[in-house]
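Sequential numbering from 331 applies to the sequence shown in the working numbering.
Comments concern the structure below.
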Amino acid sequence: MSTESLAPRHPGEVLLDQFILPNYQTMNKAARALEVPVGQLVGVTSGEERLSEALAWRLAQHFGLPMHFWLRLQGQWDRQAA
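Put into structure tokens, the structure is as follows:
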């Protein structure tokens with residue numbers, strides 16, 4: 331197993347690959363469903379923006395995963411990027 335496979339993924343990458351593309355196909359549809367600005371969603375999924383607590387809460391409510399799932403992904407990403 332390579333160390334690359336163990337490297338943390340940005341939460342936006344997980345959000346895009348596992349939730350947005352399979353369920354909504356477009357950022358506009360996902361942003362409407364999550365009730366967030368599309369620019370915010372694009373920023374997070376591109377890795378240019380951090381996942382905020384507010385967005386983590388919306389994701390938790392919408393997808394049924396605990397808020398700490400999303401915040402833990404962001405924390406792991408932040409630690410490896412430091």
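The beta carbon of each residue, even a glycine, is placed where N, CA and C say it ideally should be.
Segment limits, alpha helix (DSSP H) that includes residue i
i, result
"Gln-404", "397–411"
"Glu-379", "Counting along the chain, Glu-379 falls outside any alpha helix (DSSP H), and DSSP gives it neither H nor E."
Through-space distance from residue j to residue i, alpha-carbon basis
i, j, result
"Val-344", "Ala-412", "20 Å"
"Gln-370", "Arg-409", "22 Å"
"Arg-388", "Gln-348", "16 Å"
"Glu-378", "Gly-394", "25 Å"
"Ala-340", "Ile-350", "Rather than Ala, the amino acid found at residue 340 in this sequence is His. Between His-340 and Ile-350, the C-alpha separation is close to 14 Å."
"Leu-336", "Gln-406", "11 Å"
"Phe-399", "Gln-355", "23 Å"
Reference residue i; option with closest CA among the options
i, options, result
"Met-357", "Trp-400, Gln-406, Ser-376 and His-340", "Ser-376"
"Gly-342", "Ser-382, Gly-394 and Glu-365", "Ser-382"
Beta carbon of residue i nearer than 9 Å to that of residue j
i, j, result
"Pro-338", "Leu-401", "no"
"Pro-367", "Ala-361", "yes"
"Arg-380", "Val-372", "no"
"Leu-364", "His-392", "yes"
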